[in-house]
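K.L.:
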Amino acid sequence: MPTTPTDVQIPSGLPVLPGVVLTGSYLLTDVPPLNRGDTMDAIVLPHRRVALMVADVVGQGFGAALAVTQVRAILRERLTGGAGLLGALESVDAYAEHHPETCATTMCVAVLDLDNGHVEYGTAGHLPPMILTPFRPARMLPSEQGRPLGTGGDFHTGWAKLAPDDLLVLYTDGLVRTPARSLDLANAQLLQVAATALDRTMSGPAVQRGDEVCRAILNGAGTAGDVRDDVALIVGARSPAPATYSIRASASTASASTVRDGLRDWLDAIGAGLLDHIGLDHALAELVTNAAQHAYPDDTRDAERPLWVDAALDDSGTVTVTVSDAGRWREEVSDGRGLMMAAALADSMDVRRGPRGTEVELRLKLARPVQLLQSEPEPRVAPVVDDHDGELHTVAARGSLVAKGPIDGVTIEVFDAALHEATRAGTASATVDLSGVTHLASPGVQSLFEFLARTKRAGAELTFLAPAGSPAAQIMTLVGLVSA
Numbered sequence: 039m040p041t042t043p044t045d046v047q048i049p050s051g052l053p054v055l056p057g058v059v060l061t062g063s064y065l066l067t068d069v070p071p072l073n074r075g076d077t078m079d080a081i082v083l084p085h086r087r088v089a090l091m092v093a094d095v096v097g098q099g100f101g102a103a104l105a106v107t108q109v110r111a112i113l114r115e116r117l118t119g120g121a122g123l124l125g126a127l128e129s130v131d132a133y134a135e136h137h138p139e140t141c142a143t144t145m146c147v148a149v150l151d152l153d154n155g156h157v158e159y160g161t162a163g164h165l166p167p168m169i170l171t172p173f174r175p176a177r178m179l180p181s182e183q184g185r186p187l188g189t190g191g192d193f194h195t196g197w198a199k200l201a202p203d204d205l206l207v208l209y210t211d212g213l214v215r216t217p218a219r220s221l222d223l224a225n226a227q228l229l230q231v232a233a234t235a236l237d238r239t240m241s242g243p244a245v246q247r248g249d250e251v252c253r254a255i256l257n258g259a260g261t262a263g264d265v266r267d268d269v270a271l272i273v274g275a276r277s278p279a280p281a282t283y284s285i286r287a288s289a290s291t292a293s294a295s296t297v298r299d300g301l302r303d304w305l306d307a308i309g310a311g312l313l314d315h316i317g318l319d320h321a322l323a324e325l326v327t328n329a330a331q332h333a334y335p336d337d338t339r340d341a342e343r344p345l346w347v348d349a350a351l352d353d354s355g356t357v358t359v360t361v362s363d364a365g366r367w368r369e370e371v372s373d374g375r376g377l378m379m380a381a382a383l384a385d386s387m388d389v390r391r392g393p394r395g396t397e398v399e400l401r402l403k404l405a406r407p408v409q410l411l412q413s414e415p416e417p418r419v420a421p422v423v424d425d426h427d428g429e430l431h432t433v434a435a436r437g438s439l440v441a442k443g444p445i446d447g448v449t450i451e452v453f454d455a456a457l458h459e460a461t462r463a464g465t466a467s468a469t470v471d472l473s474g475v476t477h478l479a480s481p482g483v484q485s486l487f488e489f490l491a492r493t494k495r496a497g498a499e500l501t502f503l504a505p506a507g508s509p510a511a512q513i514m515t516l517v518g519l520v521s522a
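Shown next, in the form of structure tokens:
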């Protein structure tokens, strides 16, 4: 049962798939308002494809969590229902247009083909994905510059390709949108930190690369500047599809530890989560013990008590563990408790008995838990531009508005009131000077789009002033916000 907004908006786990290792992390900021509306997801699609997404809705608390969950659910339904990426983006956009709680949500989606590494991606007012290649500079994919959901505008998709050891990284803008660094500087630092982290892990197993990159990125965000927003981060690391696990042993209690150790190593290699480790380990112990006690007569030598254990991971992220023996089922000595316990630890279990032995098949859909982290206050560093004591100062009159300071969830009411006065509630033309804005967060973006639409309907014009390279100009370019 969800007890916090984060329980609603963040999936409990990401799928474990052959050909890619998925890692997710969520960083909760310590700056009020808490529990912002960020999310992530990994959606398994037919033909060995997976869609990765991150999104950021305006607002905080349960309201924002529910809104961004709606966006995630619609995207998932459209993609799993057979829609292409462009069609899915358009469907979510149409929904947001008629549901104010999701309007101005930003989103990035990337569909990865696990066989050939092809990536199709699209953005809605969001930063594009990043690609990491071992021992080469990290790179940001070209931005498609779609506008935030529900604000009008067209969507386009781009294409890229991941090499066998490449990583695909998606993240929400709390990672790089801070008053301590310009967006360009923050992105450059992010690329450097991520590339260095990947290079350090190349001598180790592929399953650890995503973990290390996530850790380095979030640590870098915490030490390089003042993180004011939550961060959702998902990494897909291409890796070879795992071989099946197979072992032949004797059906004896002494062999149980050997069989279980081998399965644990195999689960580690494919990136299974701790809960799945525990469940499958206990289930396998019950099945091996069951075979040792019931498959063969008590006086049978170990060499004549064969036991086979096999495990395989399919394209849906489900692992199948099969335990087989060549004995005869002895009903009179079985109480059935071992099989009942094994079944309770899996999604499903089948028992097939025949003249050549018994075969038990367990199936469990694996998941890697999303790491939930809490940021700690860091010593403040000098901002790129004067932060005006962290407060928003506005000078509004009919036809003009000058704003200085941060426009975020804390100051948005002040900014809305000033826009209302300058535009006469959206009925009069006005010039909005954002040159002194030090931080333009999603609530401010939503407000600007709203008043832009109001003035346009009234036949008026809303003009924005922001020098090239300024914090406001960088965000406005990212989300496609231009004067009417």
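Here the sequence shown stands for residues 39 to 522, numbered as in my numbering. The beta-carbon is built from N, C-alpha and C at its ideal position, and this holds for glycine as well. Every value quoted in this text rests on a predicted model; they were computed, and no experiment measured them.
Could you pull out every residue in the same chain whose Cβ sits closer than 8 Å to the Cβ of Arg375, ignoring the five residues on either side in sequence?
P.N.:
Residue numbering aside, residue 375 sits at position 337 when the sequence shown is read from its first letter. Answer for Arg375: no residue qualifies.
K.L.:
Give the straight-line distance between the Cα atoms of Gly34 and Arg185, rounded to the nearest whole angstrom.
P.N.:
Past the edges of the chain, shown from 39 to 522, lies residue 34, and the structure says nothing about it.
K.L.:
By a C-beta neighbour count over all protein chains shown, 10 Å radius and 16 as the cutoff for buried, is Trp304 buried or exposed?
P.N.:
Position 266 of the sequence shown, counting from 1, holds the residue named residue 304. Classification for Trp304: buried.
K.L.:
Using the C-alpha atoms, what's the distance from Asp153 back to Ala435?
P.N.:
Taking the first residue of the sequence shown as position 1, residue 435 is located at position 397. Taking the first residue of the sequence shown as position 1, residue 153 is located at position 115. If I take the Cα positions, the gap works out to 59 Å.
K.L.:
Under a Cβ-count criterion, where at least 16 other Cβ atoms within 10 Å of its own Cβ denotes burial, should Val147 be classed as buried or exposed?
P.N.:
Counting from 1 along the sequence shown, the entry for residue 147 is found at position 109. When all chains shown are included, Val147 counts as buried.
K.L.:
Out of Leu411, Ala405, Ala126, state which residue places its alpha-carbon closest to the alpha-carbon of His315.
P.N.:
Taking the sequence shown and counting its residues from 1, the one referred to as residue 315 is at position 277. The shortest C-alpha separation from His315 is found at Ala405.
K.L.:
What beta strand (DSSP E) runs, 3 residues minimum, are completely inside the segment 303–360?
P.N.:
If we require 3 residues or more, the beta strand (DSSP E) runs fully inside the segment 303–360 come out as 344–351.
K.L.:
With distances taken between CB atoms, is the gap from Ala381 to Ala329 smaller than 8 Å?
P.N.:
The count along the sequence shown starts at 1 and reaches residue 381 at position 343. The count along the sequence shown starts at 1 and reaches residue 329 at position 291. Contact: no.
K.L.:
Nearest to Pro344 by CA position, among Leu478, Leu383, Thr291, is which residue?
P.N.:
In the sequence shown, residue 344 corresponds to position 306, counting from 1. Selected option, being the one with the closest Cα: Thr291.
K.L.:
Within 10 angstroms of the Cβ of Leu313, are there 16 or more other Cβ atoms? Answer buried if so, exposed if not.
P.N.:
Looking up residue 313 in the sequence shown gives position 275. Under this definition Leu313 is an exposed residue.
K.L.:
Helix or strand or just coil, what does DSSP make of Leu519?
P.N.:
Translated into positions along the sequence shown, residue 519 becomes position 481. Of the three classes helix, strand and coil, the one that applies to Leu519 here is coil, per DSSP.
K.L.:
What are the partner residues of Tyr283, as DSSP defines its beta bridges?
P.N.:
As a position in the sequence shown, residue 283 is number 245, starting the count at 1. Tyr283 pairs with Ala349.
K.L.:
List the endpoints of the continuous beta strand (DSSP E) containing Ile445.
P.N.:
Start at 1 with the first residue of the sequence shown, and residue 445 comes out as number 407. Unbroken beta strand (DSSP E) run through Ile445: 438–445.
K.L.:
In chain order, what residues of the same chain have a beta carbon less than 7 Å from the beta carbon of Ser508, not counting five sequence neighbours either side?
P.N.:
Taking the sequence shown and counting its residues from 1, the one referred to as residue 508 is at position 470. For Ser508, where only same-chain residues beyond five positions count, the Cβ hits under 7 Å are Ser473.
K.L.:
If I'm right that Leu38 touches Met78 with Cβ under 8 Å, what's the distance once you round it to whole angstroms?
P.N.:
With the chain covering 39 to 522 only, the question about residue 38 has no answer from this structure.
K.L.:
Let's see if you can read the secondary structure: which residues bound the beta strand (DSSP E) around Glu399?
P.N.:
Stepping through the sequence shown from its first residue, residue 399 is reached at position 361. Here the beta strand (DSSP E) through Glu399 covers 395–403.
K.L.:
Check whether the segment 169–179 touches the segment 105–119, counting contact only when three or more Cβ pairs, one atom from each stretch, lie closer than 8 Å.
P.N.:
In short, these stretches do not touch, since the Cβ pair count stays below three.
K.L.:
Would you decide whether Gly160 is buried or exposed? Buried here means 16 or more other CB atoms lie within 10 Å of its CB.
P.N.:
For this step, residue 160 is matched to residue 122 along the sequence shown. So Gly160 ends up on the buried side.
K.L.:
Between the beta-carbon of Val483 and the beta-carbon of Ala162, is there less than 8 Å?
P.N.:
Along the sequence shown, read from residue 1 onward, the residue named residue 483 stands at position 445. Along the sequence shown, read from residue 1 onward, the residue named residue 162 stands at position 124. In this structure, Ala162 does not lie closer than 8 Å to Val483 by Cβ.
K.L.:
Does DSSP classify Asp204 as helix, strand or coil?
P.N.:
Stepping through the sequence shown from its first residue, residue 204 is reached at position 166. Three-state DSSP puts Asp204 in coil, outside helix and strand.
K.L.:
Do you know how far the Cα of Ala466 is from the Cα of Ala432?
P.N.:
If you number the sequence shown from 1, residue 432 lands on position 394. If you number the sequence shown from 1, residue 466 lands on position 428. What sits at residue 432 in the sequence shown is Thr, not Ala. Whole-angstrom Cα-Cα distance: 18 Å.
K.L.:
Please classify Gly365 as buried or exposed, where buried requires at least 16 neighbouring CB atoms within 10 angstroms.
P.N.:
In the sequence shown, counting from the first residue as 1, residue 365 sits at position 327. Buried is the call here.
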